[in-house]
Structures are given as C-alpha cells and as structure tokens.
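Colleague: Dropping the structure in here first, questions after.
In our numbering, the protein residues as written are 9 to 304.
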C-alpha cells in the first residue's frame, strides 16, 4: 500500500468503532463528507474495499487489519510518551471474554488496571469461535475462551492456559424435592425443565452423569439475570459456575443435584504478542487473577 496515512487510519478506526460515517464524524469533530473522502482515499490507495456501507458500517478483512495496525501503533506511541515523560491520552484495548468468566472471576482483575486508569477497556462477550475470529482479524487484542482439543489458535497469537472453571448442577431445594424427590435419574431428567446457557456443556454433562442422549425439556437463554432468576425461582435446574453459586449453596438457597460430579472447563488466554506497558500489565493481571481463582 505504500506509505500509510495515519490520519486516515484514525478515521477508519472511528467508523469501525462508531458503526457509521455520521457517528464517526461527530466523534472526530469533522464533517461527514471529510470522513467519506478519507475512507475513499484509503480505499483508492489499497485498491480494495475497506468498509461495507450499511447499518452498521462494518470493516472488510483488510479494513479490520488496518484498524488493528492503527490501534497497535497508538498503544506503542502511548508507551513511548510515558517513557519520555509526555502526557498521553488513555489508549483503548479491546478484549473478548466468555460470558461465564465475565460473571465470575474476570471482574476481579480490573481493579489494578483501572485504578488509576491506564487504558480504556472495550469488552466483548463472545463464544469461542467468535472470539477466535476477533483475535484473528485484529478486532481484539486478546480473548479468554474455553480450550478445545485439536483446535488451532489464531495465527500469530500466543496462548496461555489459565486454569479450569468448575460448574455444578444446581436447583432450589423446592425444585429438587418436586422433580428429583426419588433421586437424579434419567427418567426425572426427561421430565424436569433445565435452564441451558451452553447446549454442548449441558449435553455432555447429561451424557456423563446419566447416559442421557438426545432431547430433554429445557429453556435456552444466555447467562443473565433472567437465567439466574429462573433457577432461584424454582423454574428449572442447570449448570452454574461454582464461583457464582458457592454462597447460595452455603446458605442452602440452592442444592447440588449430583454432588462430587462437577464439570471442569479449561480456559485459555489468546493474545497478540504486542509488548507495551498496557498490554503487558493486562496479560499479567489476567493470568495471575485466573490462577488465583480457577482450578490449577
């Protein structure tokens, strides 16, 4: 592409971040026509389309790689400014994190990073395949995702094992007494409604504990206040991270349906090898926090 126009790359980054030319113009304090002209000039230089116009505007593969390059350069420039004693604005670092980690141990690693603030974090809640794609495309610096045997990491990313997040199958005492009064059996599981946030995880658990394969009654919903309310409201049973329900188990608001038969999910940290004070501190804090709270 020859010499990159970093002012134009900043405009491209704004369009991708804001999702439209109009919002990018407002964020940058320039006219919408100026945004369009700079994007068009970049595309002419690249000889390729960089933004797919629509609602929202989304980057092409090359467009996302250019945005990733621009963000990496900004991080390195901010690190140099700090070393030189110059004032600097806080750089943005985007991450993808699985929903179970977001609701349990991941928030515990933020305090040292954000007080005082060292960077601006942009967190995406993403399942494994989406998170890997974001890392591969440069849409995020790193991702916390469940490990998968035989799966290849994103090209160019370093992979660090974090530990295992333990899940237990729980229900309220009232639900357990009504549906599993004669024990947790395959017959009862074919009748009792489950709350399912991860279909693959639940299917593996039912097969492992009961030998149950195929359909079973369940409500599908992402990990959220709604799914927790269903469990605590005696509307279903389900797998929950032990970190999330340990207090409720101790208070007997919930009971384990299969004590001694947890499901352990190994987690990994996939991150670009970008050595700046911000990214180094972020990786170190994520790894140390995970190893404090996850099973090793």
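Even for Gly, the Cβ is constructed at its ideal location relative to N, Cα and C.
#1: Out of 210, 251, 29, 14, which has the shortest C-alpha to C-alpha gap to residue 85?
#2: Looking at the unbroken beta strand (DSSP E) that takes in residue 119, where does it start and where does it end?
#3: Rounded to whole angstroms, how far is the Cβ of residue 270 from the Cβ of residue 198, which I believe are closer than 8 Å?
#4: What's the call for residue 11, buried or exposed, on a 16-neighbour Cβ count within 10 Å?
#5: What three-state label does DSSP hand residue 63 in the structure shown?
#6: Using DSSP with H/G/I as helix, E/B as strand and the rest coil, what is residue 192?
#7: Quick check on residue 215: does DSSP put it in helix, strand or coil?
#8: Would residue 153 count as contacting chain C if we go by Cβ distances under 8 Å?
#9: Could you please give the first and the last residue of the uninterrupted beta strand (DSSP E) stretch that includes residue 247?
#10: Which whole-angstrom value is the C-beta distance of residue 303 and residue 272, which I expect to be below 8 Å?
#11: Rounded to the nearest angstrom, how far is the Cβ of residue 242 from that of residue 182, given a contact under 8 Å?
#12: Which same chain residues, not among the five before or five after residue 239, have their C-beta less than 8 Å away from its C-beta?
#13: What three-state label does DSSP hand residue 275 in the structure shown?
#14: Just checking, does the region 220-236 make contact with the region 107-122 on the three C-beta pairs under 8 Å criterion?
#15: In the DSSP assignment, what residue or residues form a beta bridge with residue 280?
#16: Do you know whose CA, among 136, 170, 196, 19, lies nearest residue 218's CA?
#17: Comparing alpha-carbon positions, which option in 29, 216, 138, 50 lies nearest residue 40?
#18: Where does residue 137 sit, in a helix, a strand or coil, going by DSSP?
#19: Considering only the beta carbon of each residue, do residue 146 and residue 66 sit closer than 8 Å?
#20: What does a CB cutoff of less than 6 Å around residue 293 pick up in its chain, not counting 5 residues either side in sequence?
#21: Going by the CB atoms, is the gap between residue 170 and residue 295 shorter than 8 Å?
#22: Whose C-beta lies closer than 6 Å to the C-beta of residue 112 among residues of the same chain, with five residues either side of it excluded?
#23: Report buried or exposed for residue 278, applying the criterion of at least 16 other Cβ atoms within 10 angstroms of its Cβ.
#24: Which term fits residue 157, buried or exposed, when burial requires 16 or more other beta carbons within 10 angstroms of its beta carbon?
#25: Starting from the Cα of residue 274, find the closest Cα among 167, 18, 77 and give me that residue.
#26: In the DSSP assignment, what are the bridge partners of residue 104?
#27: Less than 8 Å between the C-beta atoms of residue 38 and residue 287, yes or no?
#28: What are the boundary residues of the beta strand (DSSP E) that includes residue 203?
#29: If I follow the unbroken alpha helix (DSSP H) through residue 41, where does it start and stop?
#30: What is the rounded straight-line gap between the Cα of residue 42 and the Cα of residue 21?
Modeller: So, from the listed chains and residues:
#1: Taking the chain shown and counting its residues from 1, the one referred to as residue 85 is at position 77. Of 210, 251, 29, 14, the residue nearest in Cα terms is 14.
#2: Sequence index remark: in the chain shown, residue 119 carries index 111 (1-based). Segment 119-122 is the alpha helix (DSSP H) holding residue 119; no beta strand (DSSP E) there.
#3: Looking up residue 270 in the chain shown gives position 262. Looking up residue 198 in the chain shown gives position 190. Incorrect: roughly 23 Å between the Cβ atoms, too far for contact.
#4: Counting from 1 along the chain shown, the entry for residue 11 is found at position 3. That one is exposed.
#5: Numbered from 1 along the chain shown, position 55 holds the residue referred to as residue 63. Of the three classes helix, strand and coil, the one that applies to residue 63 here is coil, per DSSP.
#6: Taking the chain shown and counting its residues from 1, one reaches residue 192 at position 184. If DSSP states are grouped into helix, strand and coil, residue 192 belongs with coil.
#7: Within the chain shown, the letter at position 207 stands for residue 215. It is helical.
#8: Here there is only one protein chain, and chain C is not present.
#9: In the chain shown, residue 247 corresponds to position 239, counting from 1. From DSSP, the beta strand (DSSP E) with residue 247 extends over 246-249.
#10: Sequence index remark: in the chain shown, residue 303 carries index 295 (1-based). Sequence index remark: in the chain shown, residue 272 carries index 264 (1-based). With a Cβ gap of about 6 Å, residue 303 and residue 272 count as contacting.
#11: Within the chain shown, residue 242 is the residue found at index 234, counting from 1. Within the chain shown, residue 182 is the residue found at index 174, counting from 1. The Cβ separation is near 5 Å, so the contact holds.
#12: As a first step, residue 239 must be located in the chain shown, where it is residue number 231. 178, 179, 180, 203, 245, 246, 248, 262.
#13: Taking the first residue of the chain shown as position 1, residue 275 is located at position 267. In this structure, residue 275 counts as strand in the three-state DSSP scheme.
#14: yes
#15: By one-based count along the chain shown, residue 280 stands at place 272. Answer by DSSP bridge pairing, in chain order: 165.
#16: Position 210 of the chain shown, counting from 1, holds the residue named residue 218. Here the closest residue by C-alpha is 196.
#17: Your numbering for residue 40 matches position 32 in the chain shown. For residue 40, the nearest C-alpha among the options comes from 29.
#18: Here residue 137 refers to the residue found at position 129 when the chain shown is read from its first residue. If DSSP states are grouped into helix, strand and coil, residue 137 belongs with the helices.
#19: The count along the chain shown starts at 1 and reaches residue 146 at position 138. The count along the chain shown starts at 1 and reaches residue 66 at position 58. No, they are not a contact pair.
#20: Here residue 293 is taken as the residue at index 285 of the chain shown, counted from 1. Closer than 6 Å at the Cβ level, and outside the excluded window around residue 293, lie 117, 120, 121.
#21: Within the chain shown, residue 295 is the residue found at index 287, counting from 1. Within the chain shown, residue 170 is the residue found at index 162, counting from 1. The answer is yes: Cβ separation under 8 Å.
#22: Position 104 of the chain shown, counting from 1, holds the residue named residue 112. Excluding residues within five positions, the ones whose Cβ falls inside 6 Å are 249, 251, 252.
#23: Here residue 278 corresponds to residue number 270 of the chain shown, with the count starting at 1. Residue 278 is buried by the Cβ-count criterion.
#24: Translated into positions along the chain shown, residue 157 becomes position 149. By the 10 Å Cβ count, residue 157 comes out exposed.
#25: Taking the chain shown and counting its residues from 1, the one referred to as residue 274 is at position 266. With distances taken between Cα atoms, residue 274 lies closest to 167.
#26: Counting from one through the chain shown, the residue named residue 104 turns up at place 96. BP columns for residue 104 point to 132, 151.
#27: Sequence index remark: in the chain shown, residue 38 carries index 30 (1-based). Sequence index remark: in the chain shown, residue 287 carries index 279 (1-based). No, the Cβ-Cβ distance between residue 38 and residue 287 is not below 8 Å.
#28: Taking the chain shown and counting its residues from 1, the one referred to as residue 203 is at position 195. That run of the beta strand (DSSP E) goes 202-204.
#29: What you label residue 41 is simply residue 33 of the chain shown in a count that begins at 1. Segment 40-54, the alpha helix (DSSP H) holding residue 41.
#30: Here residue 42 is taken as the residue at index 34 of the chain shown, counted from 1. Here residue 21 is taken as the residue at index 13 of the chain shown, counted from 1. Each residue's Cα considered, the two are about 14 Å apart.
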